[in-house]
Amino acid sequence: MRIKAPPVAAELSWADVHSFRLARHHLLERAPKARLTQVVGDIGGAQAQVMSTAELQIAVRVDCTVEDVREALWKKKSLVKNAWLKYLQVNEAQLTKLFDSIDGALNGSPMTREELIAAVGRDQPEPVLRILRSGWGGVLKPAARRGQLCFGPNRGQSVTFVRPQAWLGTWKEMDPEKATVAAAERYLSAYGPATKQDFTRWWGAWLGVGTAAWKALDEKVVTVSVEGQKVQMLGEDLKLLRKNSQRPSVQLLPGFDPYLMGHATRDHLFDKIHRWKVSRVAGWISPVVLVDGRVLGVWSHTVAKQKVRVELKPFASLPARVVKAAGERAETIAGALGAKLEKFSVA
Numbered sequence: 009m010r011i012k013a014p015p016v017a018a019e020l021s022w023a024d025v026h027s028f029r030l031a032r033h034h035l036l037e038r039a040p041k042a043r044l045t046q047v048v049g050d051i052g053g054a055q056a057q058v059m060s061t062a063e064l065q066i067a068v069r070v071d072c073t074v075e076d077v078r079e080a081l082w083k084k085k086s087l088v089k090n091a092w093l094k095y096l097q098v099n100e101a102q103l104t105k106l107f108d109s110i111d112g113a114l115n116g117s118p119m120t121r122e123e124l125i126a127a128v129g130r131d132q133p134e135p136v137l138r139i140l141r142s143g144w145g146g147v148l149k150p151a152a153r154r155g156q157l158c159f160g161p162n163r164g165q166s167v168t169f170v171r172p173q174a175w176l177g178t179w180k181e182m183d184p185e186k187a188t189v190a191a192a193e194r195y196l197s198a199y200g201p202a203t204k205q206d207f208t209r210w211w212g213a214w215l216g217v218g219t220a221a222w223k224a225l226d227e228k229v230v231t232v233s234v235e236g237q238k239v240q241m242l243g244e245d246l247k248l249l250r251k252n253s254q255r256p257s258v259q260l261l262p263g264f265d266p267y268l269m270g271h272a273t274r275d276h277l278f279d280k281i282h283r284w285k286v287s288r289v290a291g292w293i294s295p296v297v298l299v300d301g302r303v304l305g306v307w308s309h310t311v312a313k314q315k316v317r318v319e320l321k322p323f324a325s326l327p328a329r330v331v332k333a334a335g336e337r338a339e340t341i342a343g344a345l346g347a348k349l350e351k352f353s354v355a
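Just so we're aligned, residue 9 is where the sequence shown starts under my numbering, counting upward by one.
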């Protein structure tokens, strides 16, 4: 006997979903500068693999400049730059010893990677030293995830590290499991409807994290169908989505933009034939032209002598209204960079 699946709470189109996500990502209208920190929280953080793109990710969502973002990071300290765990090749005892050393070292001024390695590397085994010296800072990421370090202001071309407790002045300890559930709820608020696999990809893939978070949110979550695909979203958000009216939207999103980074697959954002133009070699994510929530091209910019040049490379011919709106977005980006738009072109 076939067991009939329970009915879904709603049948949605991708256009419905794109419109809702655009609003949640503050991509329909830039928020006031006073809400800069809130906006970063609303989207679950900016992707700071390349710092200049992270600054622009915020500036396309908030009426601010990249200097305002830097001030929030390094002066007001209302934003924190952090790093997460990927993988390690050291054992638990070695990690514990390293974490204790980091606690002792970061008790004063910001330290560069080289200074921190010199301070904590004494008497460490070769596997730990090798990963410490890695350009990806593999061993430092779990320390960051434990709340033992975050990024400080750059010193020239070198990144620095600080202890969050000392850097921020206030620190609130939180149960890790409760923190993960809170992150999952915030994730669904910005990236839903989505699956637990999407959340796992976004948050960090360790065994059972998505299942545990979804189970904890069970009473707050409903299942909907998006053109035949069953996904989950917050019940309160479904009520808002039903009231949401679709609005035309054209955006120039910077590289590694969070809007593109929140799901296990990006097939709902662009045709597969164009994937190589967006998801490039070594995990590089291109700046994209976003029209009504879909990627219709890529773009690039150069800055010289306070003048900005922006070039669009659409996947196909764009309507005049889209080109006009993209030109306006280019003006916004130039202003965010503290410069003027010298040239806007379409290849």
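Don't be surprised by glycine CBs; every beta carbon is placed ideally from N, CA and C.
If you draw a 10 Å sphere on the C-beta of Gly49, you find fewer than 16 other C-beta atoms in it, and that means exposed. For Glu350, the secondary structure class from DSSP, reduced to helix, strand or coil, is strand. Burial check for Ser325: the Cβ neighbour count within 10 Å stays below 16, so the residue is exposed.
Linking Ala126 to Pro133 through their CA atoms gives a straight-line distance of about 13 Å. No residue range can be given for Arg154, since it is assigned to no alpha helix (DSSP H) and is classified by DSSP as neither H nor E. When only Cα atoms are considered, Leu30 and Ala355 end up about 26 Å apart. A Cβ-Cβ distance of about 6 Å is found for the pair Thr219 and Lys204, placing them in contact under the 8 Å criterion. According to DSSP, residue pairing for Lys238 in a beta bridge involves Ser233.
Of the candidates Phe207, Trp175 and Leu176, Phe207 places its Cα closest to the Cα of Ala190. In this structure, DSSP gives Lys313 a state outside helix and strand, which the three-state scheme calls coil. Of the residues Glu336, His34, Arg302 and Phe159, the one whose Cα lies closest to the Cα of Gln173 is Phe159. Using a Cβ distance threshold of 8 Å, Ala67 and Ala344 count as a contacting pair. The Cβ neighbour count for Pro327, taken over all protein chains shown within 10 Å, is under 16; the residue is labelled exposed. With fewer than 16 other Cβ atoms from the protein chains shown falling within 10 Å of its own Cβ, Leu248 counts as exposed. The beta carbon of Lys228 is closer than 8 Å to those of Glu193, Leu242, Gly243 and Glu244 in its chain, skipping five residues each way along the sequence. Partner residues in the beta bridge of Arg163, as assigned by DSSP, are Ser166. Between the beta-carbon of Val234 and that of Pro256 there is about 21 Å, and that puts the pair past the 8 Å contact cut. Pairwise C-beta distances place the stretch 151 to 165 in contact with the stretch 78 to 91, as three or more of them are shorter than 8 Å. Rounded to whole angstroms, the separation of the alpha carbons of Asp108 and Gly216 is 28 Å. As computed with DSSP, Leu20 is found in a beta bridge with Val234.
About 7 Å separates the beta carbons of Val318 and Leu349, which is inside the 8 Å limit, making them a contact pair. For His33 and Asp131, the gap between their C-alpha atoms comes out near 47 Å. Taking a 10 Å sphere around the C-beta of Arg69, we find 16 or more other C-beta atoms and assign the residue as buried. The alpha-carbon separation between Ala290 and His271 amounts to approximately 18 Å. Of all alpha-carbon atoms in Ala91, Val136, Lys280 and Arg121, the one lying nearest the alpha-carbon of Val167 is that of Arg121. In the displayed model, Glu79 falls within a helix according to three-state DSSP. Considering only Leu87, Cys72 and Arg329, the residue with the shortest C-alpha distance to Ala56 is Leu87. Between Phe264 and Val77 the beta-carbon gap is near 15 Å, outside 8 Å, which marks them as no contact. DSSP places Ala328 in the helix class (H, G or I) of the three-state scheme. Linking Gly301 to Ala91 through their CA atoms gives a straight-line distance of about 28 Å. Exposed is the label assigned to Asp275, since fewer than 16 other Cβ atoms lie within 10 Å of its Cβ.
CA-CA distance, Ser308 to Pro295, rounds to 7 Å.
Taking 8 Å as the upper bound for CB-CB distance, Lys238 and Val16 are in contact here, some 6 Å apart.
Straight-line measurement puts the Cα of Val232 at about 27 Å from the Cα of Gln259. Straight through space, the alpha carbons of Trp211 and Val306 are spaced by roughly 26 Å.
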